[in-house]
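Which chain is which? The protein sequence lines are U and W, in order.
FYI, the working numbering numbers position 154 of the first sequence as 160, with every residue one higher than the one before it.
FYI, the working numbering numbers position 185 of the second sequence as 391, with every residue one higher than the one before it.
Glycine included, each C-beta is placed from N, C-alpha and C at the ideal position.
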Amino acid sequence: MTHPPPSLSDRLRAHGISRRSFLRYCATTASLLALPPAMAPRIAQALEAQRRPSVIWLSFQECTGCTESILRSDAPSIESLIFESISLDYHHTLMAASGHAAEAAREAAMAENAGQYLVLVDGSIPLGNMGFSTTAGESNVETLRRVAAGAAAIVSIGTCAAYGGIPYANPNPTGAVPVSEIIRDKPIVNIPGCPPIPAVMTSVLAHFLAFGELPELDDLGRPVVFYGQNIHDRCYRRPFYERGEFAESFDDEGAKKGWCLYKLGCKGPTTYNACAVLKWNGGTSFPIEAGHPCLGCSEPNFWDAGSFYQPLSQATDLDSRTLALAVGAGVAGAVVAGVAGREAQKAHHEAAAKRAADRSKAEVSE
Amino acid sequence: MTLLDFARGPALEWAAVIFVVGLFWRIGGLIFLARARPLSRNRRDDLWRGGWRMVWSRFVPNRVFRDRISLQFLAGWVWHVGFFVVLLMFEVHILFFEGLFGLSWPALPNTVILVAAAVTAGLLVMLLIRRATQPVLRAISGFDDYASVVVVLLPLLTGLASYAHLGLAYETMLALHLLSVALLLVWLPFSKLVHVITMLPSRYVMGVKFWRRGVEV
Ligand code: SF4
């Protein structure tokens, strides 16, 4: 007799997690997703009933930082268990199988769960040369197209999958593109960040598992609940910004007093993410709290938006050399045009004088 | 490329290039202009004295017109000073100049800047309405007069909005602020705003001309 696969609640119990903790997790997830508290039992019910939905994780041009971020935890948290409780049928880094066996597992998962599996992607897809990044002899773009065809939805994890990220940065030698430029007929949710916050990732998964649909997205395809506000609006250093108290360097008095990092290049005012609220490492801290300005890593083109250490109020392309060249061009143009204009003026005066002389000569002869 | 990337990058760069080239073009044009030689004898010596006096005397209203133009004069003074205080003494603007020239100087507190910007913008709006409604002013105003006020007003309004996080998202407001600055830079050399550089020299020239004819300046 074959047993049905264990449900999430079975697995949680097996890991020694009480039902009370599980319900607390569901309540937290509901509040993270900005859902009314009454939704928590529904999330719990739906998650408990889940029979390990199939997830295929595709890694393309990436650094494995996103996987590290999402999976690394000192003690197994409920979030990571939620993650474990999906059936991760394919993941280069995590799966035991390798070579043909790994690819066969992916094919089998796709066939068994056609139209229902989730595809998680990290990394951008190179279009420049199909040989730049391949798996089992297949180019990334072919793999993505084939696997996405039978997916219920796609989750682009990290800035590279969502917006191209670092491989997409100028001069983009591999012709990298984000998932959304290749797949246009499937629901896609972007969870940008370099890497993204683990709780955001698991909450989006929980939402999909509980309600069978993706959360509300903004115009950049990000869940509004997590990416609806910028870092600056939630930053605890904001009062210093308002008072004009800025750290001038990383070790001056202002830095020691925890003043605003705007002058050190902080991109918090233009970066939409939940770092200042959810924080990292179990809610310990986030970059600005650790004394470093926000890099804006979850925004499109963050790598090309000027230096990380250049304040937002400074021009990125304009410099004093360009201005000096412009002065030279202006002076040269003015001299040429001035001399030409003067000559024209002289010719005009001479012609007028000649006309006047001719006129008076004619009058005299009359 | 986002709107902000465009504004901070190519927009500001090209606007600054057009500004500088345009300004030198205008200055060169004025310098090279052939002038008529005076045909009469000078009534007074020390011509520079007349030029110098005129440069300063016109900073206060002429006694004859004082009652009629004091309000306009005062409003003009205040908004010009306010504009330069905001431009040169705001922490974030100093940062901009530091990025460009490597020089920085002490800033005024943000609250002072906020008040200066609000007063400046308010006065400009008032003067704009006055220009559009007073029959005489209206009759002597052309497109350049209205456009120049608006082009100066826009950076103030967008700057205030981005500082106070009003209206659109901060990055959009900041981008609009930088774009309005780019517009000001492009517009300035080719409009009446060029008086920024021609006003004092032309007062001097006028003073010299008056002086040599014996007119009190
Ligand atoms: S540190 Fe950055 S995000 Fe925080 S207040 Fe300053 S500019 Fe804003």
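CB contact check: A81/U to chain W, cutoff 8 angstroms | In this prediction, A81/U scores a pLDDT of 45, lower than 50, which makes its location untrustworthy; the coordinate-derived value is nonetheless stated afterwards. No - not a single Cβ of chain W is within 8 angstroms of the one on A81/U.
Length of the line joining the Cα atoms of V342/W and K273/U | About 50 angstroms.
So the alpha helix (DSSP H) Y278/U belongs to, where does it begin and stop?
-> No alpha helix (DSSP H) holds Y278/U; DSSP gives it neither H nor E.
Please report the residue range of the alpha helix (DSSP H) in which N196/U lies.
-> It is not in any alpha helix (DSSP H) - N196/U instead sits in the beta strand (DSSP E) that spans 194-197.
Which residues in the same chain as W286/U place their Cβ atom closer than 6 angstroms to its Cβ, once the five residues preceding and following it in sequence are excluded?
-> Taken in chain order, the residues that qualify are F292.
What's the C-alpha gap between V261/W and V423/W?
-> Looking at the two C-alpha atoms, the distance is approximately 9 angstroms.
For C272/U, verify whether its CB is less than 7 angstroms away from any heavy atom of ligand 1.
-> C272/U: yes, Cβ under 7 angstroms from ligand 1.
Which word fits L309/W, buried or exposed, when buried means at least 16 other C-beta atoms lie within 10 angstroms of its C-beta?
-> By the 10 Å Cβ count, L309/W comes out exposed.
Applying a beta-carbon distance threshold of less than 8 angstroms, which residues of chain W neighbour N119/U?
-> Using a Cβ-Cβ cut-off of 8 angstroms, N119/U is close to nothing in chain W; its nearest Cβ partner there is about 38 angstroms away.
Is the Cβ-Cβ distance between I197/U and A168/U less than 8 angstroms?
-> Cβ atoms of I197/U and A168/U: closer than 8 angstroms.
Pick out the complete beta strand (DSSP E) segments inside the stretch 141-222 of chain U, 3 residues or longer, and give them in chain order.
-> Along the stretch 141-222 of chain U, the beta strand (DSSP E) occurs as fully enclosed runs of 3 or more residues at 157-163, 194-197, listed in sequence order.
Starting from Y369/W, trace the alpha helix (DSSP H) both ways and give me its first and last residue.
-> Boundaries of the alpha helix (DSSP H) harbouring Y369/W: 349-369, taken from the DSSP string.
How would you call T339/W, buried or exposed, if buried means at least 16 neighbouring beta carbons within 10 angstroms?
-> That one is exposed.
Flag R244/U as yes when its Cβ comes closer than 7 angstroms to any non-hydrogen atom of ligand 1, and as no otherwise.
-> Ligand 1 has a heavy atom closer than 7 angstroms to the beta-carbon of R244/U.
Under 8 angstroms from the C-beta of W231/W: neighbouring residues of chain U = Under the 8 angstroms cutoff, chain U gives G336, G339, A340, A343.
Reference L64/U, options A142/U, E54/U, R25/U, closest by Cα = Of A142/U, E54/U, R25/U, the residue nearest in Cα terms is A142/U.
Check whether the Cβ of S304/U lies closer than 8 angstroms to any Cβ atom in chain W.
-> With respect to chain W, the C-beta atom of S304/U has no partner C-beta closer than 8 angstroms.
Under a three-way DSSP split, which group does F252/U fall into?
-> Secondary structure of F252/U (DSSP, three-state): strand.
Check whether the Cβ atoms of G288/W and A313/W lie closer than 8 angstroms to each other.
-> It is not a contact, given that the beta carbons lie outside the stated cut-off.
Closer than 9 angstroms by beta-carbon distance: list the chain W residues that pair up with L133/U, in chain order.
-> Among the residues of chain W, none has a CB under 9 angstroms from the CB of L133/U; the nearest is roughly 19 angstroms distant.
Counting only beta-carbon atoms, is A240/W nearer than 8 angstroms to chain U?
-> At least one chain U Cβ lies under 8 angstroms of A240/W.
For a contact meaning CB atoms closer than 9 angstroms, what does A222/W contact in chain U?
-> Chain order gives the chain U residues near A222/W as A321, L324, T328, L329, A332, where near means a beta carbon separation below 9 angstroms.
Enclosing beta strand (DSSP E) for W410/U [first to last residue] | Outside the shown range of chain U (7 to 372) lies residue 410/U, about which nothing can therefore be said.
CA nearest to the CA of A353/W, picked from D252/W, W258/W, L389/W = Just measuring C-alpha positions, the residue of D252/W, W258/W, L389/W sitting nearest A353/W is L389/W.
Neighbouring residues, chain U, relative to F307/W (Cβ below 7 angstroms) | At a beta-carbon threshold of 7 angstroms, the residues of chain U lying near F307/W are S326, ordered along the chain.
Nearest residue (CA-CA) to T404/W, options G348/W, F230/W, S246/W = Among G348/W, F230/W, S246/W, the Cα nearest to that of T404/W belongs to F230/W.
Specify the secondary structure class of W286/U as computed by DSSP and reduced to three states.
-> Of the three classes helix, strand and coil, the one that applies to W286/U here is strand, per DSSP.
With hydrogens ignored, establish whether the beta-carbon of P184/U is closer than 7 angstroms to any heavy atom of ligand 1.
-> No, the beta carbon of P184/U sits no closer than 7 angstroms to any heavy atom of ligand 1.
Going by Cα to Cα distance, which pick from G181/U, G260/U, E118/U, G171/U is closest to P201/U?
-> The shortest C-alpha separation from P201/U is found at G171/U.
Exposure of T204/U, with buried meaning 16 or more beta-carbon neighbours within 10 Å = According to the sequence as given, residue 204/U is Pro; it is not Thr. With 16 or more Cβ atoms within 10 Å of its Cβ, P204/U is classed as buried.
Hey, does N307/U have any beta-carbon neighbour from chain W nearer than 8 angstroms?
-> Yes, N307/U counts as interfacial toward chain W.
Going along chain U, which residues have a C-beta under 9 angstroms from F302/W?
-> Within 9 angstroms Cβ-Cβ: P317, S319, Q320, A321.
Mind checking who D128/U pairs with in its DSSP beta bridge?
-> Note: D128/U sits in a beta bridge opposite S65/U, I163/U.
Can you find a C-beta in chain A that's less than 8 angstroms from the C-beta of G312/U?
-> The question asks about chain A, but that chain is absent: this structure's protein chains are U and W.
Exposed or buried, what is Y242/U when buried is set at 16 or more other beta-carbons lying within 10 Å of its beta-carbon?
-> Under the 10 Å beta carbon count, Y242/U is surrounded by fewer than 16 other beta carbons and is classified as exposed.
The stretch 267-291 of chain U: positions lying closer than 7 angstroms to chain W by Cβ = Of all residues in the stretch 267-291 of chain U, K269, P275, T276 have a Cβ within less than 7 angstroms of some Cβ in chain W.
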